[in-house]
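First residue of the sequence shown? That's 635 in this note's numbering, and the numbers climb one at a time after it.
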Amino acid sequence: METVERRGGGIDAFACLDEERQDRTGYPEVVYCGGKTEDQSFAIIRALHERGVPALATRVAPSLAARVLSAFPEAAFDETARTITLGVFCEPQNRQGLIAVVCAGTSDMPVAMEAARTAEFFGSVVELVCDVGVAGIHRLFSRLSDIRKARVIIAVAGMEGALPSVLAGLVSAPVIAVPTGIGYGASFGGLSALLGMLNACAPGVSVVNIDNGFGAGYQANIINKLGSA
């Protein structure tokens, strides 16, 4: 079936671009591609670009990425993060502060990378620390000196979600916890990790929704920028 846009209805038939969001909040609208058709996502990304708005798109399928890259070779696709950027919100040399994205396991990498790419797009320096979950806690201790340099830490973990609690007891920076859907049956698609993080006994932990790397990256960037002011 043809999309409304192809039938001549235009993007206004399914989307209302928020071109003034950057004026209100300091940051432009971001395109969440999950649940949208490929045609809808492509049309929104194209419309933002044509109107001079730097575009960040999340949950991007490979077929959509190929289509965007074909139309706009200057776009950048991160296959692990499932993100596309088209246009520049902040030049790399102007990024500020430091956010540590700490990932419990390799299986959590897609969510961790979504957080990292989001924070970088909006102007933060990011360091990724991978595969330092509590099953081999010596791995975390070996990277503590690097992690402690960060103004804010994003801790990404599935299974029982213990990593943010451990980190919060070892650092002075705020910790944003991201539960992932990684784990066996009783993890309930990330619900066990979410509840564990919400019940963390270590102070200084805030929690975003399951697999919400974008939300963590966005929030961490705001905190990081405040520290740079």
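We put the beta carbon where it would ideally sit given N, CA and C, even for glycine.
Here Tyr818 is exposed. Its C-beta has fewer than 16 other C-beta atoms within 10 Å. Sequence-distant partners of Asn858 (beyond 5 residues in either direction) whose C-beta falls short of 6 Å from its own C-beta, in its chain, are Gly731, Ile733, Ser758, Arg785 and Val786. Secondary structure of Tyr661 (DSSP, three-state): coil. By the criterion of at least three beta-carbon pairs nearer than 8 Å, the segment 805 to 813 is in contact with the segment 841 to 856. In this structure the segment 821 to 836 does not lie against the segment 712 to 731, because fewer than three pairs of beta carbons, one per stretch, are closer than 8 Å.
Per DSSP, the continuous beta strand (DSSP E) segment holding Thr717 begins and ends at Thr717 to Leu720.
As a beta-bridge residue in DSSP terms, Tyr666 pairs with Thr692. With the rule of 3 Cβ pairs closer than 8 Å, the segment 688 to 706 counts as touching the segment 650 to 670. As DSSP reads the structure, Ala789 sits in a beta bridge with Val736 and Ala811. Using a 10 angstroms sphere on the CB of Asp646, the tally of other CB atoms stays under 16, which defines it as exposed.
For Glu761, the enclosing beta strand (DSSP E) begins and ends at Ser758 to Val763. In its chain, beyond the 5 residues on either side, Cys764 and Asp765 have a beta carbon closer than 8 Å to the beta carbon of Thr740. Within the same chain, and ignoring the five residues on either side of Arg685 in sequence, the residues whose Cβ sits closer than 8 Å to its Cβ are Leu651 and Glu653. CA-CA distance, Val694 to Ile856, rounds to 24 Å.
DSSP places Ala710 in no alpha helix (DSSP H) but in the uninterrupted beta strand (DSSP E) bounded by Ala710 to Asp712. If you look at Val745, you'll find it isn't in any beta strand (DSSP E); it sits in the alpha helix (DSSP H) that goes Met743 to Phe755.
DSSP links Val841 through a beta bridge to Ala811.
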